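Protein sequence lines correspond, in order, to chains A and B. full-length UniProt numbering puts the first sequence at residues 1 to 500. full-length UniProt numbering puts the second sequence at residues 1 to 502.
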Amino acid sequence: MASVFTHEFNTPAYKGKTSFNTGLYIDGKFVEGSDKTTIDVVNPATGKIVTKVAEATAKDVDIAVAAAHKAFETTWGLNMGGAGRSKLLGKLAQLMEEHQQELAALEALDNGKTFTWAMDLDTTFAIDTIRYYAGWADKIHGQVQETDEKKLSYTRHEPIGVVGQIIPWNFPLLMMSWKLGPALATGNCIVMKPSEFTPLTAIRMCELIHEAGFPPGTFNLLTGYGHTVGAAISGHMKIDKVAFTGSTLVGRKIMEAAAKSNLKDITLELGGKSPNIIFDDADVDQAVNWAAHGIYWNHGQACCAGSRIFVQSGIYDDFLAKFTEKTRSLKVGDPFDVDSYQGPQVSKIQYDRIMDYIQSGKDQGATVHLGGDRNGTEGFYINPTIFTDTTPDMKIVQEEIFGPVGVVIKFEDEEDVIRQANDTVFGLAAAVFSQNINRALNTAHRLKAGTAWVNCVNQLHSNVPFGGFKQSGIGRELGEYALHNYTAIKSVQVNLGHVM
Amino acid sequence: MPATFSHHFDTPLYNEKATIQTGLFINGVFVDGLNHSTIDVINPSTGKTITQVSEGTAKDVDRAVEAARNAFNTSWGLKVPGATRGQFLYKLATLMEESLDEIAAIESLDNGTAFGVVKGWVVPFSIGLIRYYAGWADKISGQVIETDEGRLTYTRHEPIGVVGQIIPWNAPLLMFAMKIAPALAAGNTIVIKPSELTPLSALRVCSLVQEAGFPPGVLNVVVGYGNTVGSAISSHMDIDKIAFTGSTLTGRKVMEAASKSNLKNITLELGGKSPNIIFNDADVDQAVNWACHGIFFAQGQICFAGSRIYVQSGIYDEFLAKFTARSKMHKIGDPFGADSYQGPQISSTQTERVMGYIKSGVDQGAKVHLGGQRHGEQNGNFITPTIFTNTTPDMKIVQEEIFGPVSVVIKFEDQQDVIQQANDTIYGLAAAVFTQNITQAFEVGHALKAGTVWVNCYNEVSAAVPFGGFKQSGIGREYGSYALEHYVNVKAMHINIGHKME
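Structure (structure tokens):
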């Protein structure tokens with residue numbers, strides 16, 4: 001029998017109780033993994049184990065895929081009309097809203113982000129995303145093409161079938177909603193692997209999905225490791241498409257596995273090293289606040305983090321002084337303290353990785369302008385860090401750190417900064433600060449990134465597409481654009497009178 | 001200086017002169033490959049060499065990419081408005097139309113498809129594709145998305161950059177047009193590798209691309225082999241996207257190379273084993289004619305060929321008799337013969353491959369109802385239209401893509417069973433249904449797992465109608481507005497008008 005996780009939250013930010021089944025969710029039931037093994041869930045604020053959850057293996061993937069196919073052929077896919085799918089997604093959003101605080105608390109416990117952020121952003125945006133796609137479910141239109149009057153030529157935008165989805169640990173619930181929303185709205189069935197570091201909100205969601213009334217097998221959740229469950233999903237002969245968010249390194253493996261198995265279609269949301277360009281004519285006070293949000297939001301654990309901050313020389317000193325002051329004001333502390341801004345990094349592995357990058361910055365001769373060290377003695381807390389005096393070839397300037405570490409770079413020339421900003425294998429996002437309409441828009445248009453922010457950063461909406469240029473990814477999530485990832489186009493041509 | 005190939009056609013159907021530049025086409029000029037080697041272009045009808053063309057290698061791909069990148073940054077991409085890109089494409093289409101017969105003759109000589117078919121359909125359709133996308137070039141719109149009044153949020157559908165394209169030998173000019181047109185319309189620059197077996201029509205069109213005035217570097221053609229040029233393109237670090245049409249086997253390699261290099265986006269058009277289902281209430285005479293067209297057109301060398309013909313038992317005998325008689329009517333012979341319908345297979349390698357499948361059919365116990373042999377010279381490339389009956393589902397000739405004029409005719413009884421049989425394949429490129437009953441037509445048609453479903457017709461393609469595979473037949477769609485999605489990079493723009501940050 002799968003076990004139950006019960007936890008009482010008694011914290012300044014949240015008091016409440018949670019209790020839910022921690023098994024795999026396959027074919028509408030909570031079950032143990034085939035090997036009956038478990039994965040420890042660690043609280044990054046303390047480093048201590050919170051609970052164990054069932055671990056899935058490749059065999060469980062097979063079972064889930066079979067259940068998903070059965071559902072696709074009988075109770076889901078085109079057997080359930082768009083209005084029906086819409087209603088279920090709407091119901092799910094409603095249930096999420098009813099349990100929003102509980103979900104936010106679980107997210108904060110599991111991931112380390114503050115309860116406040118989890119409430120105000122993660123869970124709110126996730127609910128909004130599900131609602132947004134609920135609205136699309138009955139509006140998946142094909143085309144009718146004019147050819148000639150002796151022919152009827154049209155396309156059906158059909159669900160693909162069984163889709164595999166692999167999501168990361170940085171925004172667990174939010175990433176789940178970005179994947180689940182469009183896939184279910186268009187009629188696909190899902191086999192999803194949450195991160196083994198942060199499975200709790202995904203597992204909790206399964207009870208809500210069940211309660212909402214999604215037919216068994218439409219959504220299946222398998223907590224497991226990348227090299228077992230993730231690999232089984234990407235290489236599965238009966239999964240028709242895989243969507244992955246995570247590192248560029250793993251993204252390559254997913255695409256290769258897809259090529260070598262059944263040529264399943266892929267969408268990838270990968271890493272970034274996004275530039276934030278602040279011109280002399282920016283509103284400096286606003287630029288400071290946005291820049292801090294750009295790099296320190298979510299402890300720097302955002303693929304679109306504005307980690308390279310280019311500041312034009314005329315305002316450099318003013319900006320740096322204010323940015324340092326702003327960064328100092330960010331409170332690092334327990335996720336459940338009411339005034340915490342930044343909690344711990346998600347795991348020891350990530351903590352070590354970030355600290356290694358900080359060390360490399362020091363070793364390569366950059367100046368630690370602020371921070372650069374651990375915060376406290378318990379848990380994976382790192383002080384918000386500012387590096388200056390860097391050179392373009394330094395690791396901290398080139399590679400994605402995925403932590404609260406910003407690099408501030410002085411620039412003079414507009415052409416040169418655009419060139420520097422684009423000089424990266426990544427292309428996920430970029431930002432420009434300027435009050436001059438020509439400079440702002442021309443610069444933003446020239447930045448090679450899937451999202452460009454002008455006088456803001458990290459603004460995301462359910463209805464606006466998000467995705468990468470270059471090695472930051474393939475395909476777009478959110479908005480109407482995400483629907484394309486989950487539909488198979490069938491062209492039907494009916495001969496009404498041409499004689500052969 | 002690379003050579004020019006001139007050929008004086010002296011045939012019943014065409015007797016003019018054709019001239020082709022035989023170099024690689026890089027940065028607006030014809031150049032010799034850096035290796036100074038050549039490829040022999042063989043006439044599939046005779047097995048004799050038509051001419052040599054320059055051979056490209058990985059180093060030529062590099063210089064083509066460099067030219068394409070320069071053009072993208074200076075004279076194409078977002079540097080010229082869509083309307084201008086459209087004008088260039090319209091001009092190219094007009095020039096192709098003015099040389100239609102010559103292009104058709106070159107294609108027919110190189111590929112072996114009957115001149116009448118190439119002149120009457122392949123070339124006009126290719127020109128039509130270029131015109132179709134010329135019209136899209138200034139209509140590539142993003143969205144303006146409502147968020148709130150403190151923001152302006154919109155998307156730009158930008159050209160991706162330098163795209164690599166690899167095309168096959170079965171319908172060379174058509175493959176060329178369908179690849180370059182949407183890519184150029186959307187503002188990309190191109191490095192394209194035609195098949196080493198059939199480079200001539202592409203090279204002929206390059207002269208027209210020059211004449212149309214496309215800026216140098218916008219379109220680059222590098223003729224070479226798959227394991228050199230094709231591989232260089234798929235794994236190139238400065239090619240932003242690749243589109244491939246060819247075998248499923250090679251498609252996997254292209255996708256793998258993309259994953260290991262720079263994660264370039266991919267579209268793939270691969271193989272098929274398309275079912276053609278004919279019910280008792282079909283118009284049998286029409287079904288016979290369409291079925292013939294479905295499998296014997298272009299020597300069966302079509303990815304969406306209707307190679308598995310399922311015939312309901314009530315009309316099976318009548319259909320088989322008529323289908324056999326109709327297949328016998330096809331005149332096989334020189335593509336320039338006055339009434340030739342079917343020409344040679346593309347090469348001796350392909351011919352042997354098809355003959356190998358025929359042998360496997362015999363070995364595995366199927367019945368050769370018609371044909372099953374070479375036509376004419378025993379070491380030539382002509383194969384008689386072939387019909388197998390009495391097959392079982394596991395036979396190679398029923399499972400695998402033969403890519404030749406070889407059909408299997410399978411009797412069926414039950415609607416649900418034939419749908420299940422039709423879908424029981426790793427492929428999913430096309431399918432067809434013949435019935436006069438409206439309910440059956442759509443119930444069956446919609447249940448077939450294929451990217452294109454034809455009802456009471458076969459092989460119908462249109463510039464405006466998307467085409468592509470389910471399952472292992474491919475990723476992505478070509479033609480129509482759908483193709484444009486694969487040639488743009490969506491950029492979301494968020495302009496903060498009034499939101500303050502704390």
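Even for Gly, the Cβ is constructed at its ideal location relative to N, Cα and C. Treat the numbers as computed from the prediction; the structure is a model and nothing was measured.
* To do: Determine, using beta carbons only, whether A:Lys490 comes closer than 9 Å to chain B.
  => Position 490 of the first sequence, counted from the first residue, corresponds to residue 490 of chain A. It does: the Cβ of A:Lys490 has a partner Cβ on chain B nearer than 9 Å.
* Asked: What are the boundary residues of the beta strand (DSSP E) that B:His8 is part of?
  -> Position 8 of the second sequence, counting from 1, holds the residue named residue 8 of chain B. Residues Thr4 to His8.
* Given a threshold of 16 other Cβ atoms within 10 Å of its Cβ, counted over all protein chains shown, does B:Val465 qualify as buried or as exposed? -> Residue mapping note: residue 465 of chain B aligns to position 465 of the second sequence, counting from 1. Burial call: buried.
* To do: Kindly indicate if chain B contains any beta-carbon less than 9 Å away from that of A:Ser340.
  => Against the first sequence, residue 340 of chain A aligns to sequence position 340. False, the Cβ-Cβ gap to chain B never drops below 9 Å.
* Got a sec: does the ligand MN put a non-hydrogen atom nearer than 8 Å to the Cβ of A:Ile49? -> Absence of the ligand MN from the depicted structure is noted, as is the absence of any ligand whatsoever, leaving it without description.
* Asked: Should B:Asp60 and B:Gly33 be called a contact, given that it needs their Cβ atoms to be closer than 9 Å?
  -> Position 60 of the second sequence, counted from the first residue, corresponds to residue 60 of chain B. Position 33 of the second sequence, counted from the first residue, corresponds to residue 33 of chain B. Yes.
* To do: Kindly confirm or deny that the stretch 319-333 of chain B and the stretch 431-438 of chain B touch, where touching means at least three C-beta pairs closer than 8 Å.
  => no
* To do: Using beta-carbon positions only, say whether B:Val209 and B:Leu92 come within less than 9 Å of one another.
  => Locating residue 209 of chain B in the second sequence gives position 209, where the first residue counts as 1. Locating residue 92 of chain B in the second sequence gives position 92, where the first residue counts as 1. Yes; because the gap between Cβ atoms is below 9 Å, this pair is in contact.
* To do: Pick helix, strand or coil for B:Met237, following the three-state DSSP scheme.
  => On the second sequence, residue 237 of chain B is found 237 positions in, with the first residue counted as 1. Correct three-state label for B:Met237: coil.
* So which residues on chain B does A:Pro43 lean against when the C-beta distance must stay under 7 Å? -> Position 43 of the first sequence, counted from the first residue, corresponds to residue 43 of chain A. Looking at the sequence itself, residue 43 of chain A is Asn, so the reference to Pro does not match. The premise fails here: A:Asn43 is roughly 29 Å from chain B at the closest Cβ pair, so nothing lies under 7 Å.
* Asked: Are the CB atoms of A:Trp453 and A:Val432 nearer to each other than 9 Å?
  -> Residue numbering aside, residue 453 of chain A sits at position 453 when the first sequence is read from its first letter. Residue numbering aside, residue 432 of chain A sits at position 432 when the first sequence is read from its first letter. Yes; because the gap between Cβ atoms is below 9 Å, this pair is in contact.
* By DSSP, does B:Lys331 sit in helix, in strand, or in coil? -> On the second sequence, position 331 is the one that residue 331 of chain B refers to. B:Lys331 falls in the coil class under three-state DSSP.
* Asked: Where does B:Phe382 sit, in a helix, a strand or coil, going by DSSP?
  -> Sequence index remark: in the second sequence, residue 382 of chain B carries index 382 (1-based). Here B:Phe382 sits in coil by DSSP.
* Measure the Cβ-Cβ separation of A:Ala282 and A:Ser434 and say whether it is below 9 Å. => Walking along the first sequence from the start, residue 282 of chain A turns up at place 282. Walking along the first sequence from the start, residue 434 of chain A turns up at place 434. For A:Ala282 and A:Ser434, yes; Cβs fall inside 9 Å.
* **Selection of the stretch 187-201 of chain B by Cβ proximity to chain A, strictly under 8 Å** => none
* Asked: How about A:Val50 and A:Leu109: are their beta carbons less than 9 Å apart?
  -> On the first sequence, residue 50 of chain A is found 50 positions in, with the first residue counted as 1. On the first sequence, residue 109 of chain A is found 109 positions in, with the first residue counted as 1. Result yes, Cβ atoms of A:Val50 and A:Leu109 sit closer than 9 Å.
* For the stretch 488-499 of chain B, which residues have a CB atom closer than 9 Å to at least one CB atom of chain A, in sequence order? -> Asn489, Val490, Lys491, Ala492, Met493, His494, Ile495, Asn496, Ile497 and His499
* According to the Cβ coordinates, are A:Ala202 and A:Leu221 closer than 9 Å? -> As a position in the first sequence, residue 202 of chain A is number 202, starting the count at 1. As a position in the first sequence, residue 221 of chain A is number 221, starting the count at 1. A contact, by the Cβ cut-off of 9 Å.
* Asked: What's the call for A:Asp393, buried or exposed, on a 16-neighbour Cβ count within 10 Å?
  -> Along the first sequence, one-based indexing puts residue 393 of chain A at 393. So A:Asp393 ends up on the exposed side.
* **Any 3 or more C-beta pairs closer than 8 Å across the stretch 152-171 of chain A and the stretch 71-89 of chain A** => yes
* Tell me whether B:His375 sits in a helix, a strand or coil according to DSSP, three-state version. => As a first step, residue 375 of chain B is located in the second sequence; it is residue number 375 there, counting from the start. Note: B:His375 maps to coil in three-state DSSP.
* To do: Measuring only between beta-carbons, confirm whether A:His236 sits less than 9 Å from chain B.
  => Here residue 236 of chain A refers to the residue found at position 236 of the first sequence. By this cut-off, A:His236 is not an interface position.
* Please list, in chain order, all residues of the same chain as A:Pro182 whose beta carbon is under 6 Å from its beta carbon, the five residues on each side excluded. => Residue numbering aside, residue 182 of chain A sits at position 182 when the first sequence is read from its first letter. The answer, listed in chain order, is Tyr133, Ala482, Leu483 and Tyr486.
* To do: Within 10 angstroms of the Cβ of B:Thr4, are there 16 or more other Cβ atoms? Answer buried if so, exposed if not.
  => Within the second sequence, numbered from 1, the residue matching residue 4 of chain B stands at position 4. Answer is exposed; the Cβ neighbour count stays below 16.
* Own chain, CB closer than 7 Å to B:Ala168, minus 5 neighbours either side, in chain order -> Mapped onto the second sequence, residue 168 of chain B falls at position 168. In the sequence under discussion, the amino acid at residue 168 of chain B is Pro, which differs from the Ala named in the question. Contacts found: Met175, Ser195, Thr245 and Gly246.
* Spatially closest choice to A:Glu146 from B:Val461, B:Asn170, B:Lys500 and B:Val284, by CA coordinates -> Residue 146 of chain A sits at position 146 when you count from the first residue of the first sequence. With distances taken between Cα atoms, A:Glu146 lies closest to B:Val461.
* Asked: Excluding the five sequence neighbours on either side, which residues of its own chain have a C-beta within less than 8 Å of the C-beta of B:Ala104, listed in chain order?
  -> Numbered from its first residue, the second sequence carries residue 104 of chain B at position 104. Hits under 8 Å: Tyr14, Phe115, Val118, Lys119, Val122 and Val123.
* Asked: Buried or exposed: A:Met255, going by 16 or more other Cβ atoms within 10 Å of its Cβ?
  -> Looking up residue 255 of chain A in the first sequence gives position 255. Answer is buried; the Cβ neighbour count reaches 16.
* Asked: Looking at B:Asp138 and B:Arg85, is the spacing between their C-beta atoms short of 9 Å?
  -> Start at 1 with the first residue of the second sequence, and residue 85 of chain B comes out as number 85. Start at 1 with the first residue of the second sequence, and residue 138 of chain B comes out as number 138. Their beta carbons are under 9 Å apart, which means B:Arg85 touches B:Asp138 by this criterion.
* Answer with yes or no whether the minimum CB distance from A:Ile474 to chain B is below 9 Å. => Taking the first sequence and counting its residues from 1, one reaches residue 474 of chain A at position 474. It does; some Cβ of chain B falls within 9 Å.
* **B:Tyr19 versus B:Lys241 - alpha carbon distance** => Residue mapping note: residue 19 of chain B aligns to position 19 of the second sequence, counting from 1. Residue mapping note: residue 241 of chain B aligns to position 241 of the second sequence, counting from 1. It should be noted that the sequence gives Thr, not Tyr, for residue 19 of chain B. Approximately 33 Å between the Cα atoms of the pair.
* What are the complete alpha helix (DSSP H) segments, minimum 4 residues, inside the stretch 293-368 of chain A? -> 313-328 and 348-363
* CA nearest to the CA of B:Gly300, picked from B:Gln421, B:Ala58, B:Pro172 and B:Pro405 -> Working through the second sequence from its first residue, we reach residue 300 of chain B at position 300. Nearest of B:Gln421, B:Ala58, B:Pro172 and B:Pro405 to B:Gly300, Cα basis: B:Pro405.
* **Minimum C-alpha distance to residue 506 of chain B - residue among B:Glu318, B:Leu89 and B:Leu109** => Outside the displayed span of chain B (1 to 502) sits residue 506 of chain B, for which this structure offers no information.
* In this structure, what does DSSP give as the bridge partners for A:Leu152? -> Sequence index remark: in the first sequence, residue 152 of chain A carries index 152 (1-based). Looking at the DSSP assignment, A:Leu152 forms a beta bridge with A:Val494.
* Asked: Comparing the C-beta of B:Pro466 with each C-beta of chain A, is any distance below 9 Å?
  -> Your numbering for residue 466 of chain B matches position 466 in the second sequence. So yes, B:Pro466 belongs to the interface.
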